[in-house]
């Protein structure tokens, strides 16, 4: 069976400032005064996974770990739980990035959903070992919603790279 | 040096090695935090750095709430006003009686030489957000160490005890609720003075009065108040109401489920109580000396 090849768009190089800005925005979203974090998609994890899949040389385990520490400190949870989960997520996303990018965007979403849920499971195991309360299966709803957001995030975060290299009258943006 | 690979191929240690390094570091941090609380200074620095982002994120939400408050209908406010007036009248007689009782109490205490209990200083605080962490029951309030909040202080709302301050940042403080799995509070049954310790059950809304004998005199509807023997909570604050008592002959202890009287979802305003000044003698001795030195007005006899 011959491999089906889809036409691919050649993208502009990514701007590091845009990557940082997207992460900061996701962090601000996560720090909104949610009544309960269950069911709230972890946008920071999603954006980290996105950049690890699309720019594995610029985003990696170290950055993910640092962002995880920030999440831990800001949320007042066990210091290191998000760091561990994000580092593992970044590793998996980097290792699988070639495979993931072969699929259509909805198929990608399913795979990313599994990665996000796995990182949450890691966090759950860490917290249960430290003597936390079991939060119930609703804990994973956030990952499912975050997975559904993958196509939207892909569209938004790739938009700057989809622009034309030169601006002319027919293409105003 | 000439034979070194060009910068282009240089990628550092293998990903799996990096992951192992960072995973070990996280596990180390978690152990240090959970067992020894060593991670606190680092956490505070990061939390302070993130504080502006947090405020920026909270700003639109609180602005919305304030606008809604501003446009609260006039009728509603008037209704609330009349209700409050009626309530004030109803409470007035009790307050009048209370004053008399208090002065009488003070006199009696002086007579028996009991140390006069100072009224605890209270800090008014507002809940910023609740339930950030699905693994524990906590709320964050908007007063921190800058305002004099310290870890270990009791937090109450209009109905009763809410919990205890467990972690303080410069501008925020974290309050562990009574329903948290790791939280325990010494209580007393108001009806008969039976003492016990109530633990959070961890399911989010109830508490358990543990280690009470199967034949202990506890009934459904009993009110639990703080017994004050821990030195953290002042005496006599309402804590919870017994909702279910299960006595099983197979167990030595009865299973007593209680519902906290304070509501975390209803109220936004709370009071952080300074610790009762009934500390052990060695600390109060030095405190008293410090207070004496501070008071400038000389006494008449001296």
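Chains as they are written, first to last, in my numbering: chain Z, 1 to 173; chain A, 1001 to 1302.
Backbone N, C-alpha and C define an ideal beta-carbon position, used for all residues, glycine too.
Please state whether DSSP places residue i in a helix, a strand or coil.
i	result
residue 1015(A)	helix
residue 1233(A)	coil
residue 1110(A)	helix
residue 1217(A)	coil
residue 1036(A)	helix
residue 1202(A)	coil
residue 1116(A)	Reliability of the predicted coordinates at residue 1116(A) is poor, the pLDDT of 47 falling under 50, and the value obtained from them is presented with this limitation in mind. Three-state result, residue 1116(A): coil.
residue 1210(A)	strand
residue 145(Z)	helix
residue 50(Z)	helix
residue 1269(A)	strand
residue 1228(A)	coil
Over the uninterrupted alpha helix (DSSP H) stretch that includes residue i, give me the two end residues.
i	result
residue 10(Z)	Unbroken run through residue 10(Z): none, as it is neither H nor E.
residue 17(Z)	16 to 30
residue 124(Z)	105 to 129
residue 91(Z)	81 to 95
Using a cut-off of 7 Å between C-beta atoms, extract the partners of residue i located in chain Z.
i	result
residue 1202(A)	133
residue 1059(A)	The premise fails here: residue 1059(A) is roughly 10 Å from chain Z at the closest Cβ pair, so nothing lies under 7 Å.
residue 1255(A)	Correct list: empty, because the minimum Cβ distance to chain Z is about 18 Å.
At a CB-CB cut-off below 8 Å, which residues of chain A make contact with residue i?
i	result
residue 127(Z)	1135
residue 62(Z)	1018, 1022
residue 99(Z)	In chain order: nothing, as chain A lies at least about 15 Å away.
residue 175(Z)	Since the displayed chain Z opens at 1 and closes at 173, residue 175(Z) lies outside it and no answer follows.
If we ignore side chains and look at the alpha-carbon of each, how far apart do residue i and residue j end up?
i	j	result
residue 141(Z)	residue 147(Z)	10 Å
residue 101(Z)	residue 53(Z)	8 Å
residue 31(Z)	residue 19(Z)	19 Å
residue 45(Z)	residue 1232(A)	40 Å
residue 1196(A)	residue 1211(A)	8 Å
residue 131(Z)	residue 1200(A)	14 Å
residue 1247(A)	residue 1205(A)	21 Å
residue 55(Z)	residue 1168(A)	39 Å
residue 8(Z)	residue 104(Z)	11 Å
residue 1186(A)	residue 1127(A)	25 Å
residue 50(Z)	residue 1003(A)	36 Å
residue 1079(A)	residue 1030(A)	52 Å
residue 60(Z)	residue 94(Z)	7 Å
residue 1220(A)	residue 89(Z)	49 Å
residue 1106(A)	residue 1235(A)	16 Å
residue 1255(A)	residue 1152(A)	28 Å
residue 1175(A)	residue 107(Z)	43 Å
residue 1261(A)	residue 1239(A)	6 Å
Closer than 7 Å to a non-hydrogen atom of the ligand GDP - does that hold for the CB of residue i?
i	result
residue 90(Z)	Ligands displayed in this structure: none; no statement on the ligand GDP is therefore possible.
Find the residues of chain A that neighbour residue i, judging by a C-beta separation of less than 7 Å, and give them in chain order.
i	result
residue 95(Z)	1015
residue 70(Z)	1046, 1050
I need the boundaries of the beta strand (DSSP E) containing residue i, first residue and last residue.
i	result
residue 1186(A)	1184 to 1189
residue 1238(A)	1238 to 1246
residue 1175(A)	1173 to 1177
residue 1125(A)	1122 to 1130
Applying a beta-carbon distance threshold of less than 7 Å, which residues of chain B neighbour residue i?
i	result
residue 1034(A)	In the structure shown, chain B cannot be found, because the protein chains are Z and A.
What does residue i reach in chain Z if we use C-beta pairs closer than 8 Å?
i	result
residue 1174(A)	76
residue 1066(A)	Result: empty, since nearest Cβ-Cβ is about 14 Å, beyond 8 Å.
Would you mind telling me which residues of chain Z sit closer than 9 Å to residue i, beta carbon to beta carbon, in chain order?
i	result
residue 1027(A)	80, 84, 126
Residues, ordered as in the chain, of the region 6 to 34 of chain Z that lie near chain A by beta-carbon distance below 9 Å: 24, 27, 28, 29, 30, 31, 32, 33, 34
Near-chain Z residues of the region 1037 to 1061 of chain A (beta-carbon distance less than 7 Å), N- to C-terminal order: 1039, 1043, 1046, 1047, 1050, 1053, 1054, 1056, 1057, 1058, 1061
Near-chain Z residues of the region 1132 to 1165 of chain A (beta-carbon distance less than 9 Å), N- to C-terminal order: 1132, 1133, 1134, 1135, 1136, 1137, 1138, 1140
Short-range partners of chain A found in the region 137 to 154 of chain Z, where Cβ spacing is below 7 Å: 139
Residues in the region 1205 to 1230 of chain A having any Cβ partner in chain Z nearer than 9 Å: none
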